[in-house]
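**Q** First to last, the sequence lines map onto chains A and B.
To convert, note that position 86 of the first sequence is 918 in our numbering; the numbers rise steadily by one, no gaps.
To convert, note that position 47 of the second sequence is 879 in our numbering; the numbers rise steadily by one, no gaps.
We put the beta carbon where it would ideally sit given N, CA and C, even for glycine.
2 protein chains.
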Amino acid sequence: MSYVEEQSVISPLINEESTIYAYILNDIANAVFVSGDRLVTTKLAEKYQTSINPVREALKQLQGEGFVTVSPNSGARVSIFEYNTLRDVFEILQLLEPYLMEWFVEEHLLEDRLELKALLTKMETATDLEYRNLDTQFHWLTYKNHYNQKAVDLWRRNRLILLAMQANVKLNTTRIKQSIEEHREIIHALEERDVTAVLGVMARHIGNSGKYWSRYLSVSNRIS
Amino acid sequence: MSYVEEQSVISPLINEESTIYAYILNDIANAVFVSGDRLVTTKLAEKYQTSINPVREALKQLQGEGFVTVSPNSGARVSIFEYNTLRDVFEILQLLEPYLMEWFVEEHLLEDRLELKALLTKMETATDLEYRNLDTQFHWLTYKNHYNQKAVDLWRRNRLILLAMQANVKLNTTRIKQSIEEHREIIHALEERDVTAVLGVMARHIGNSGKYWSRYLSVSNRIS
DNA sequence: GTTTGAAAGATTACACATAATTAATATTGG
DNA sequence: CCAATATTAATTATGTGTAATCTTTCAAAC
């Protein structure tokens, strides 16, 4: 097990590092392996410089988390992420995010808000790929300390699926600008500690994101 | 792999059958293994009449699903289900159930409602243990066909954790009666296809259940 | 074009070797 | 003599190789 990943690990959302589990999940999140791809144990063992069992165990864990689908005697594949998955994930996020955010509005510290502002500043000069990472960091920061860590984990997993689906689709500048503006509004409402306002912006933010991606991915679905 | 379980598998909530995964999960849900218990691979392999590797893989899958916690070089344990877990699980259910139920109210068929009524009838003469099973079946029936299978799976998992926590605590008759009444109200509101009414009863139903168990399990926590 | 059958490839389960942890025992200091 | 620590023994986890079984693939025959 002396494999070194070229690409950096999707920082905040993948806890464990330097494990086969993390490598595979990272490769799924970065669309190195895409929806439906076969995950052959021998190939993976070779790629990550280890034997079959550790790979099988990593795949089983990923199966439990929903990223991989295993058919008996037929092997593992990256789970099918299609249009319906996008809808499902967004609807779950739409339940979770207001719930997680509400706590943050009331309990966050000044330093949290300053960190968010720092991220916002970085966003303004970020490229497409950097932006996605900053966006993830922004929301991760707001949720990660929530008392309901089960819910946080749920959010994390759904967010990773989203990243996997979006990895090879570019974000257009109009949407980035709109998204930055929404983040700014969130921070502003946070300063006032106005729960209703924050949740309002959040709902709009998720809704817009959902609309954007569903439009995009429905097209790419129609093509393939 | 020729192990035969004495106790029947928690029927609807555990899909796979006759697998080590299902056996272990079933034993967790029935509190054969309780929160914090060490899950030693060799022991489990012996118990379920198989070798170590399949056990390890089952444990990894259960880890991914949150039922088992694995520490490097130190092995697997049943995840810690304590008072905070109860709160977390109930809050997640409180988000999920209205979401899942809303669809059912609008889309369910007459035969679904008849099945629910049949379950209700059985509830009225059920013992404590049977009641819990019927209650699970009731809600499973309402959710299992929802278009968002990711959400359904989420509900399933959280419900299993609840079952694991409640397995060795008895349900008192007052709560059973109250619970039956709530189910009756749900069916009634379903007949009218009145979303608001159903969600109202549901919120109360979950709330009451949460109150009941938190009171009970906080006591058992204080004792231990 | 469909079916059949053989060969290659992969999955699964098992046994073994090694490394780490846990426990049990002995030793030391107060 | 007791408590805390150190040492040793047992247990357990982890990773590798291998054999058997099942799938898939590909080519030949119908």
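Closer than 8 Å, Cβ to Cβ, to anything on chain A: give me those residues from the segment 894-926 of chain B, in chain order.
**A** Taking 8 Å as the Cβ-Cβ cut-off against chain A, the residues of the segment 894-926 of chain B that qualify are 894, 895, 896, 897, 898, 916, 917, 919, 920, 921, 923, 924.
**Q** Would residue 994 of chain A count as contacting chain B if we go by Cβ distances under 8 Å?
**A** No, its Cβ sits nowhere closer than 8 Å to a Cβ of chain B.
**Q** Assign residue 860 of chain B to buried or exposed, taking buried as 16 or more other Cβ atoms, counted over all protein chains shown, within 10 Å of its Cβ.
**A** The residue is buried, with at least 16 neighbouring Cβ atoms inside 10 Å.
**Q** Restricting to Cα atoms, I'd like to know which of B:1041, B:1044, B:1028, B:1048 is closest to residue 933 of chain B.
**A** Ranking the options by Cα distance to residue 933 of chain B, first place goes to B:1028.
**Q** Any C-beta of chain A within less than 9 Å: which residues of the segment 854-885 of chain B qualify?
**A** Result list: 885.
**Q** Using only alpha-carbon positions, find the residue among B:1044, B:1046, B:1037 that is nearest to residue 926 of chain B.
**A** Ranking B:1044, B:1046, B:1037 by Cα distance to residue 926 of chain B puts B:1037 first.
**Q** Check the Cβ of residue 889 of chain B against every Cβ in chain A and list those closer than 8 Å, keeping chain order.
**A** What residue 889 of chain B touches in chain A: 888, 889, 892.
**Q** Tell me which residues of the segment 975-987 of chain B have at least one Cβ-Cβ distance to chain A shorter than 8 Å, keeping chain order.
**A** Within the segment 975-987 of chain B, the residues whose Cβ lies closer than 8 Å to some Cβ of chain A are 979, 980, 981, 982, 983, 985, 986, listed in chain order.
**Q** Taking C-beta pairs closer than 8 Å, name the residues in chain B that residue 931 of chain A reaches, listed in chain order.
**A** The answer, in chain order, is 923, 927.
**Q** Would you identify the three-state DSSP class for residue 1011 of chain A, choosing helix, strand or coil?
**A** Helix at residue 1011 of chain A.
**Q** With residue 863 of chain B as the anchor, note down where its alpha helix (DSSP H) starts and where it stops.
**A** Taken as a continuous stretch (DSSP letters only), residue 863 of chain B belongs to no alpha helix (DSSP H), as it is neither H nor E.
**Q** Any chance you could list the beta strand (DSSP E) runs of at least 3 consecutive residues sitting entirely within the segment 905-932 of chain B, in chain order?
**A** Qualifying beta strand (DSSP E) stretches, in chain order: 907-910.
**Q** Which residue from B:969, B:1032, B:1047, B:1040 puts its Cα closest to that of residue 931 of chain B?
**A** The candidate whose alpha carbon is nearest that of residue 931 of chain B is B:1032.
**Q** My guess is that residue 983 of chain A and residue 924 of chain B are in contact by the Cβ rule of under 8 Å, so how many angstroms apart are they, rounded?
**A** Yes, residue 983 of chain A and residue 924 of chain B are in contact; Cβ-Cβ is about 6 Å, under 8 Å.
**Q** Going by beta carbon distance, what residues of the same chain come within less than 6 Å of residue 935 of chain A, once the five residues before and after it are set aside?
**A** Cβ neighbours of residue 935 of chain A beyond the five flanking positions: 978.
**Q** Might you give, ordered along the chain, the residues of its own chain that have their beta carbon closer than 8 Å to the beta carbon of residue 1035 of chain B, omitting 5 neighbours on each side?
**A** Once the five neighbours on either side are set aside, the close Cβ partners of residue 1035 of chain B are 926, 930.
**Q** For the candidate residues A:889, A:883, A:915, whose alpha-carbon lies nearest to that of residue 853 of chain B?
**A** For residue 853 of chain B, the nearest C-alpha among the options comes from A:889.
**Q** Using CA atoms only, rank isn't needed, just tell me which of A:901, A:868, A:970, A:847 is closest to residue 953 of chain A.
**A** When each option's Cα is compared against that of residue 953 of chain A, the closest is A:970.
**Q** Is it true that the segment 948-963 of chain B meets the segment 1004-1021 of chain B, where meeting means three or more beta-carbon pairs spaced less than 8 Å apart?
**A** Judged by Cβ distances under 8 Å, the segment 948-963 of chain B makes contact with the segment 1004-1021 of chain B, as three or more pairs qualify.
**Q** With a cut-off of 8 Å on the beta carbons, I'd call residue 966 of chain B and residue 899 of chain B a contact; round off their distance for me.
**A** The Cβ separation is near 23 Å, so there is no contact.
**Q** What do you get for residue 942 of chain B, buried or exposed, if any count of 16 or more other CB atoms within 10 angstroms of its CB means buried?
**A** So residue 942 of chain B ends up on the exposed side.
**Q** In the DSSP assignment, what are the bridge partners of residue 871 of chain A?
**A** Per DSSP, A:908.
**Q** Which two residues bound the contiguous alpha helix (DSSP H) that contains residue 953 of chain A?
**A** First-last of the alpha helix (DSSP H) with residue 953 of chain A: 942-956.
**Q** Any idea which residues DSSP pairs residue 901 of chain A with across the strands?
**A** Answer is A:909, bridged to residue 901 of chain A.
**Q** Counting beta carbon pairs with one atom in the segment 913-920 of chain B and one in the segment 877-886 of chain B, are three or more of them shorter than 8 Å?
**A** No contact exists between the segment 877-886 of chain B and the segment 913-920 of chain B.
**Q** Note down the Cα distance separating residue 897 of chain A from residue 897 of chain B, rounded to an integer number of angstroms.
**A** Spanning the two alpha carbons is a distance of roughly 6 Å.
**Q** Please state the DSSP three-state secondary structure of residue 1024 of chain B.
**A** Residue 1024 of chain B falls in the coil class under three-state DSSP.
**Q** Which residue from A:1004, A:1012, A:1015 puts its Cα closest to that of residue 1047 of chain A?
**A** Nearest option by C-alpha distance: A:1004.
**Q** With respect to the alpha helix (DSSP H) encompassing residue 978 of chain A, which residues constitute its N-terminal and C-terminal limits?
**A** Neither: residue 978 of chain A is in no alpha helix (DSSP H) and is coded neither H nor E.
**Q** One question on the structure: do residue 1058 of chain A and residue 908 of chain A come within less than 8 Å of each other, judged by their Cβ atoms?
**A** Chain A is shown only over 833 to 1056; residue 1058 of chain A falls outside these bounds and no answer can be derived.
**Q** Straight-line CA distance for residue 944 of chain B to residue 937 of chain A?
**A** Computed Cα separation, rounded: 42 Å.
**Q** Nearest by alpha-carbon distance to residue 847 of chain B: which of B:867, B:976, B:999, B:1017 is it?
**A** Nearest option by C-alpha distance: B:976.
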